[in-house]
């Protein structure tokens with residue numbers, strides 16, 4: 045958990061830095077995710093490796109809040125394949141991933157985990173690699189709110205590396 049929170053904190057700093065350097069333009073987001081009835085549009089979607097993990101991360105910055113989705117892979121996707129979704133807090137195998145959504149308010153507040161994958165049997169994500177860019181789609185992934193007992197929701201979305 046600390047490892048993922050550290051990664052998210054670093055990504056928040058990078059995201060805020062990159063957003064503040066952008067020229068004025070209209071951004072058409074191709075990454076989006078939905079938790080329950082709330083939809084987020086990713087303004088930045090990147091792939092990285094940090095603290096020994098491979099991940100795909102997307103964020104939406106609105107006002108002073110940054111919303112994140114992070115998919116941690118057991119091994120970096122290099123071909124089109126499906127990954128099973130493991131429970132958060134486990135170490136995913138080479139054919140698994142874990143998913144975390146979080147938010148950060150302002151640039152000095154800690155990252156607050158909102159939902160994380162529970163490892164529901166049958167949950168999976170479809171990964172394709174097109175021109176070296178990772179594209180992920182998923183639907184009806186069962187996630188839980190770690191801050192509230194037994195609050196389950198459904199997660200769906202498409203993330204496309206920029």
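Numbering (the numbering used here), first residue to last: 45 to 206. Built from N, CA and C at the ideal position, the CB exists for glycine as well.
Own chain, CB closer than 6 Å to residue i, minus 5 neighbours either side, in chain order
i	result
residue 126	168 and 170
residue 164	186
residue 199	79, 185 and 187
residue 77	84, 113 and 201
Expected contact under 8 Å - CB spacing of residue i and residue j to nearest Å
i	j	result
residue 118	residue 145	Not quite, the Cβ-Cβ distance comes to about 19 Å (not below 8 Å), so this is no contact.
residue 120	residue 103	With a Cβ gap of about 20 Å, residue 120 and residue 103 do not count as contacting.
residue 203	residue 86	7 Å
Residue(s) in a DSSP beta bridge with residue i
i	result
residue 116	99 and 142
residue 203	180
residue 194	Its beta-bridge partners do not exist; DSSP assigns none.
residue 130	Paired residue(s): none; residue 130 is not in a bridge.
residue 89	102
residue 94	97
Cα-Cα separation between residue i and residue j, rounded to whole angstroms
i	j	result
residue 181	residue 192	27 Å
residue 75	residue 189	22 Å
residue 116	residue 82	22 Å
residue 205	residue 91	7 Å
residue 65	residue 124	Bear in mind that the predicted position of residue 65 carries a pLDDT of just 36, short of 50, making it too unreliable to give a figure here.
residue 162	residue 136	12 Å
residue 109	residue 150	6 Å
residue 176	residue 197	32 Å
residue 134	residue 128	13 Å
residue 265	residue 143	Absent from the model: residue 265. The displayed extent of the chain is 45 to 206, so no value can be given.
residue 166	residue 183	11 Å
residue 69	residue 107	Per-residue confidence for residue 69 stands at a pLDDT of 36, beneath the threshold of 50, marking its modelled position as unreliable; no derived number is given.
residue 111	residue 160	14 Å
Where the beta strand (DSSP E) containing residue i begins and where it ends
i	result
residue 157	156–161
residue 83	82–86
Nonlocal neighbours in the same chain, by C-beta distance under 8 Å from residue i, ignoring five residues either side
i	result
residue 194	188
Beta-carbon proximity list for residue i, same chain, < 7 Å, skipping 5 on both sides
i	result
residue 158	145, 146, 147 and 189
residue 172	124 and 179
residue 174	none
Any non-hydrogen atom of the ligand MG closer than 8 Å to residue i Cβ
i	result
residue 75	No copy of the ligand MG appears in this structure; indeed no ligand is present at all.
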